[in-house]
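Residue numbers for the sequence shown follow this note's numbering, so the first one is 324 and each next one is one higher. For each residue, glycine too, the CB sits at the ideal point set by N, CA and C. To keep things clear, I will list the structure first and then write my remarks on it.
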Amino acid sequence: MAKKQKKAAKPAKKAAKPARKVAKQAAKKAAAAKKVVKLVAKKNAARQNGDALPKPSSKPFGQAGRALDGVRILDFTHVQSGPTCTQLLAYMGADVIKVERPGVGDITRGQLRDVPNADSLYFTMLNGNKRSITIDSKHQKGREILDRLIKQCDVLVENFAPGALDRMGLTWEHIHKLNPRMIVASVKGFGPGPYEDCKVYENVAQCAGGSASTTGFREGPPLVTGAQIGDSGTGLHLALGITAALYQRIRTGRGQKVLCAMQDGVLNLARVKLRDQQRLAHGPLKEYSQFGEGVPFGKAVPRAGNDSGGGQPGWILKCKGWEEDPDAYIYFITQAPVWGAICDLIGKSEWKTDPDYATPNARLPRLKHIFATIEQWTMTLSKFEVMEKCNALDIPVGPILSMKEIAEEPSLRATGTVVEVDHPTRGKYLTVGNPIKLSDSPCEVKRSPLLGEHTDEILKDVLGYSAAEVAEIKGSGAITPQDKSARAEAA
Ligand code: COA
324 MAKKQKKAAK
334 PAKKAAKPAR
344 KVAKQAAKKA
354 AAAKKVVKLV
364 AKKNAARQNG
374 DALPKPSSKP
384 FGQAGRALDG
394 VRILDFTHVQ
404 SGPTCTQLLA
414 YMGADVIKVE
424 RPGVGDITRG
434 QLRDVPNADS
444 LYFTMLNGNK
454 RSITIDSKHQ
464 KGREILDRLI
474 KQCDVLVENF
484 APGALDRMGL
494 TWEHIHKLNP
504 RMIVASVKGF
514 GPGPYEDCKV
524 YENVAQCAGG
534 SASTTGFREG
544 PPLVTGAQIG
554 DSGTGLHLAL
564 GITAALYQRI
574 RTGRGQKVLC
584 AMQDGVLNLA
594 RVKLRDQQRL
604 AHGPLKEYSQ
614 FGEGVPFGKA
624 VPRAGNDSGG
634 GQPGWILKCK
644 GWEEDPDAYI
654 YFITQAPVWG
664 AICDLIGKSE
674 WKTDPDYATP
684 NARLPRLKHI
694 FATIEQWTMT
704 LSKFEVMEKC
714 NALDIPVGPI
724 LSMKEIAEEP
734 SLRATGTVVE
744 VDHPTRGKYL
754 TVGNPIKLSD
764 SPCEVKRSPL
774 LGEHTDEILK
784 DVLGYSAAEV
794 AEIKGSGAIT
804 PQDKSARAEA
814 A
C-alpha cells in the first residue's frame with residue numbers, strides 16, 4: 324500500500340516541480356519589477372531635486388552671483404545683431420571679451436556720432452558690461468593670441484559676412500580641435516540656400532523675413548518697422564541658442580555650432596502673418612478692416628495698417644491735442660468681453676442690444692465706423708486720461724509713447740530697464756538695461772569699454788603672458804594699428 328502510495332505520489336511530485344519552478348520564476352519577475360519601480364522612483368526623486376545639482380543655496384536671492392558667472396565669451400561681433408546678443412549675456416554675468424581691429428574697432432564706434440571724438444551712442448548702447456581687446460586677426464602673432472583666447476573661452480560669437488571667419492583661419496575644425504568644448508555662435512543674413520553668401524543689414528532682413536510686405540497701409544508701399552527685429556531680434560534668438568548649447572554641454576562635454584539667420588529670426592517674429600497666409604486659402608480674413616470695407620483679398624497676406632494681429636479688433640485713435648502732438652494717439656482694443664463697458668463709456672449703450680453691433684461677428688464688417696465713433700470720444704481726452712478711464716473698466720488700451728516720454732518715465736528707471744551710465748569721454752548717457760529680470764541674478768549696467776581698454780589685463784590675467792611677452796606683442800604690431808605693408812610682412 325505504502326509502495327502504491329509512493330508510486331501515486333511520484334507523478335504528483337513531478338507535477339509539483341514545474342509548479343515550484345513557475346512560482347520561483349514569478350517571484351523573480353516580481354522582484355525585478357519591484358527593482359524597476361524603485362529605480363524609477365529614485366530617478367524621479369533625483370529629477371525632482373535637480374539631478375546632481377548642489378543643495379539649494381541658503382544665500383538671500385540676489386546674493387548668489389549671477390546666472391552666467393564663469394562663462395567666458397570671445398566676442399567677435401560688430402554693428403548691432405551680434406553685440407545685442409553678447410551684451411545680454413554680459414548683463415547676465417558672462418565675461419565678454421570683445422575683440423576689435425587695432426586703431427579701428429567696431430565700425431559703430433564712429434557711426435552716427437553726436438559728441439565729437441567720443442564713442443557713438445550706437446556703440447555705447449550695444450556694448451555695455453564688456454571688455455575690449457585689440458587684436459589684428461590677420462597678423463601671425465594676432466592669430467596666436469586668438470588661439471590662446473579660444474582655449475580660455477566657452478563661446479565664440481561672431482556676425483561677420485559669410486566666410487570672413489574662415490578667411491581668418493578660424494574654421495570650425497580649427498576651433499573645435501583647439502577647444503572641443505567651445506560653442507561657436509553666428510548670425511548670418513540667410514541660412515543655407517541661394518542667398519547664404521549675401522551680406523545683410525536690418526532692413527534687408529525685415530524685407531526678406533516677411534515683415535515689410537505685411538507692414539504699412541494697404542494703399543502704400545511695404546514698410547520697415549522702427550523696432551530692430553532683424554538685428555536685435557536675431558541677437559536675442561542667438562543668446563537663447565547659446566544658453567541652450569551651454570546647458571547641453573553639461574551633459575555632452577562638447578561645444579556645437581549655433582546659427583541664427585536674420586531672415587529666420589524675422590519670420591519667427593512675423594509668424595502670425597504666415598498663419599494668415601494659410602487662412603487666406605479658406606476665405607477672407609474677416610478681422611482685417613479691408614473685409615469690412617468690401618475690398619477683395621489678393622493671393623498674399625496684405626498690409627493691415629493698424630489692425631490688431633490677433634482675434635480682438637483694434638486700431639490707433641486720435642486723442643486730445645493730436646493736431647500739435649504727433650504722438651497724441653491711443654491703441655484701442657474692442658475686446659469682446661468688455662464690449663458692453665465700451666458702449667456705455669462712449670455713450671452708445673444702445674449698441675449692446677443692437678443686432679448689428681451686439682456680437683463680434685456682427686461688428687466685423689462695421690469696424691471702420693465703430694472705431695470712428697470711439698475716436699469721437701477719445702479725441703475729447705488726453706491719451707493718459709483715456710488710459711485711466713479704460714483701465715478702470717478693464718478695457719485694453721495703450722498710449723502711443725514717444726521716445727522722450729519713455730526716456731523720462733520714472734517706472735522704467737526704477738526697474739532698471741532705462742539706465743543712466745557715465746562714460747569717460749562722452750559723459751552721461753541713457754541705455755536700455757536688461758529687459759529680462761532674473762530674481763537671483765541682479766544686473767548692474769556698466770558703460771561700454773574704450774577701444775582696447777582691457778588689452779593689457781586680458782593678455783596678462785586671462786592669457787597668462789608675462790610682462791616681457793606683452794612688451795614683445797606690443798612691438799610686433801599684432802595689437803596696434805599698422806600700415807598695410809607692415810601687416811603684409813607680418814602675415
Ligand atoms: N583684425 C583684422 N581684420 C578684421 C578684424 C580684426 N580684428 N575684425 C574684422 N576683420 C576683417 C574681417 O576679417 C573681414 O575681412 P575679409 O573680408 O578680408 O575677410 C573684414 O574685416 C570685414 O568683415 P565683414 O563682416 O565683411 O564687414 P562688412 O563691414 O563688410 O559687412 C555686414 C558688414 C554686417 C554686412 C556683414 O558683416 C554681415 O553680413 N554680417 C552677417 C549679418 C549681420 O550680422 N548683419 C547685421 C549687422 S547689424
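The beta strand (DSSP E) runs lying completely inside the region 686–733 and spanning 3 residues or more are 720–722, given in chain order. Three or more pairs of CB atoms, one per stretch, sit closer than 8 Å, so the region 647–659 contacts the region 712–727.
If you keep only unbroken alpha helix (DSSP H) runs of at least 4 residues inside the region 430–496, you get 444–447, 463–475 and 487–490. Within the same chain, Cβ atoms closer than 8 Å to the Cβ of H746 are found at A441, D442, T447, Y752, R770 and S771, the five residues on either side in sequence being excluded.
Within the region 597–676, the complete alpha helix (DSSP H) segments of 4 residues or longer fall at 612–615 and 662–668, listed in chain order. Distances between the C-beta of E525 and the heavy atoms of ligand 1 include at least one below 7 Å. For C766, the closest C-alpha among the options N452, K361, A531 and I396 is that of N452. Ranked by how close their Cα comes to the Cα of P625, the residues I639, G617, L608 and L640 have L608 in first place.
Using a Cβ distance threshold of 8 Å, I802 and I458 count as a contacting pair. Taking 8 Å as the cut-off, the Cβ atoms of V394 and D477 count as close. Per DSSP, K797 lies in no beta strand (DSSP E) segment; the continuous alpha helix (DSSP H) that holds it begins and ends at A790 to S799.
Screening all residues for a C-beta within a distance smaller than 5 Å of any heavy atom in ligand 1 leaves V402, Q403, S404, R424, D459, S460, K461, N482, F483, A484, A487, R490, V510, G512, K522, V523 and D554, in chain order. Collapsing the DSSP output to three states places T754 in a strand. Cβ atoms of A508 and V581 come within 8 Å of each other, at about 4 Å. For a cut-off of 8 Å, the C-beta gap from H401 to N482 is around 7 Å, short enough to register as a contact. For L546 against A531, the beta-carbon gap comes to about 15 Å, at or over 8 Å, which does not count as contact. The beta carbons of G615 and P688 sit closer together than 8 Å. With respect to the 8 Å criterion, L449 and P406 are classified as neighbours on the basis of their beta carbons. At a cut-off of 3 residues, not a single continuous stretch assigned as beta strand (DSSP E) sits fully inside the region 508–564.
Taking 8 Å as the cut-off, the beta carbon of S455 is found closer than this to the beta carbon of L773. The beta carbon of I430 sits closer than 8 Å to the beta carbons of H401 and V402 from its chain, once the five residues preceding and following it are set aside; these are given in chain order.
The three-state secondary structure of D763, taken from DSSP, is coil. Contact check for A390 against L761 passes: the beta carbons are separated by less than 8 Å. The region 410–427 makes no contact with the region 489–500; the number of CB pairs closer than 8 Å stays below 3. Under the DSSP definition of a beta bridge, E776 lacks any partner.
In the displayed model, K378 falls within coil according to three-state DSSP, outside both helix and strand.
Rounded to whole angstroms, the gap between the alpha carbons of I565 and L411 is 11 Å. Residue pairing for R395: DSSP places it in a beta bridge opposite D418. Judged by pairs of C-beta atoms under 8 Å, the region 647–655 touches the region 722–733, as three or more such pairs exist.
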